[in-house]
Amino acid sequence: MSFTRRNLLLLAAAIGIAAGPATAYAADVLNVGAYPTNPPFEYKNESGTFEGFEVDIVNEAAKRIGMTTEIADLGFQALFAATTSKRIDVAISSITITPERLKSQSFTQPYYDSDMGIATKTDSPIKAEADLKGKIIGVLSGSTGETWVKEHQAAGGFSDVKGYDTQQNLLLDLSAGRVDAAVSDIPGMEYSFTKMKDLTVKERIKTGEQYGLMMTKDHPLLGKLNDALSAMKKDGTIAAIHKKWFGSDAPADSSTVKEMPLPKA
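For the sequence shown, our numbering begins at 4 and goes up steadily by one.
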């Protein structure tokens with residue numbers, strides 16, 4: 004028994020020594036979750052590496068606080084559970100800051116302003132929200148688009164709402180005619196429509212949506228990352244990232260350029 008106990012103690016000590024450097028390294032890593040098919044905000048390139056507008060932002064913000072990033076491939080809905088459970092520190096994927104989400108999550112200041120849109124096939128007779136009565140509407144599950152559609156379903160007379168796990172699957176079904184219209188964020192859809200020529204945004208829904216880095220509620224790095232974003236706005240870094248991915252200058256009064264307060268519940 005004494006021999007076994009001694010060996011167990013030695014083994015435990017060895018494990019503790021081996022774990023030391025790994026734990027120290029992990030402390031310098033910002034664990035990020037991202038939805039992998041959301042260009043130009045984030046997507047995986049041919050080598051399997053994440054790229055995109057928000058990828059550049061979170062990588063630069065992490066660098067400025069002395070950290071590197073590890074980006075995990077997660078579905079959109081899974082991002083919320085991953086921050087809540089502390090599996091990841093930060094979620095990116097054009098996530099809108101909302102009062103409801105602020106009850107269970109924390110957000111940095113916003114860095115992108117967006118609206119939603121109603122998209123259809125180019126030759127569809129649907130022109131606006133009023134034309135959706137009796138139609139099947141597709142949405143990304145867990146998104147603000149889904150919230151908007153469900154809130155307007157009774158008044159608008161939509162016949163059904165279909166939720167999708169990815170934007171790609173939503174738009175493929177729209178193209179195939181399995182849904183009559185899609186409601187989602189305009190920037191991501193318009194980027195996809197540069198390749199899917201049979202689809203178009205028919206009407207803009209003004210929502211005043213803004214995207215920020217979503218984090219575990221009251222995460223200890225929230226303030227540091229928020230300060231990094233402020234510095235990146237001051238020195239023009241985020242504006243340059245916007246130019247790189249969208250090919251245009253961000254509006255001077257947008258959250259991409261202006262420092263904004265930390266969102267509060």
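By construction, the Cβ of each residue, glycine as well, lies at the ideal position given by its N, Cα and C atoms.
Beta-carbon within less than 6 Å of residue i's beta-carbon, same chain only, minus the 5 sequence neighbours each way: which residues are those?
i    : result
V58  : E45
Y38  : F79, S96
S195 : L174
K89  : T219
Return helix, strand or coil for residue i, following the three-state DSSP convention.
i    : result
V182 : coil
M4   : Reliability of the predicted coordinates at M4 is poor, the pLDDT of 37 falling under 50, and no value is obtained from them.
K267 : coil
E212 : strand
F196 : coil
D221 : coil
N48  : coil
Y28  : In this prediction, Y28 scores a pLDDT of 35, lower than 50, which makes its location untrustworthy; no coordinate-derived value is stated.
R90  : coil
Q170 : helix
F161 : coil
E57  : helix
K236 : helix
Q112 : coil
K261 : coil
G226 : helix
I244 : helix
T71  : strand
T150 : helix
G78  : coil
Count the other CB atoms within 10 Å of the CB of residue i; is the residue buried (16 or more) or exposed (fewer)?
i    : result
A122 : buried
P190 : buried
G141 : buried
S50  : exposed
D92  : buried
A231 : buried
P264 : exposed
A94  : buried
A268 : exposed
Since residue i contacts residue j with CB under 8 Å, what's their CB separation in whole angstroms?
i    : j    : result
M217 : Q108 : 5 Å
N229 : T52  : About 26 Å separates the two Cβ atoms, so there is no contact after all.
I244 : I60  : 6 Å
E154 : G166 : 15 Å between Cβ atoms; not a contact.
Looking only at its chain, what residues have a beta carbon closer than 8 Å to the beta carbon of residue i, apart from the 5 residues adjacent to it on each side?
i    : result
S117 : S97, T99, D188, I189, P190, T210, E212, Q213, Y214
K136 : G159, G160, F161
G180 : K124
T259 : Y114, Y115, D116, K236, I241, A242, H245, A253
Within the same chain, show all residues whose beta-carbon is closer than 7 Å to that of residue i, passing over the 5 residues directly before and after it, in chain order.
i    : result
E193 : V204
T240 : E63
V164 : I140, V142, V152, K153, Q156
- Query: If you pair each beta-carbon of the segment 33-44 with each one of the segment 85-103, do three or more pairs fall below 8 Å?
  - Reply: yes
- Spell out a yes or no on whether the segment 100-115 and the segment 202-211 are touching, meaning 3 or more CB-CB pairs, one atom from each, closer than 8 Å. no
- Does the segment 244-251 come close enough to the segment 39-56 to have 3 or more Cβ pairs within less than 8 Å? yes
- Query: Is it a yes or a no for the segment 219-226 touching the segment 157-169, going by three-plus beta-carbon pairs under 8 Å?
  - Reply: no
- Task: Tell me, please, whether the segment 177-188 touches the segment 63-71 by the rule of three or more beta-carbon pairs shorter than 8 Å.
- Result: no
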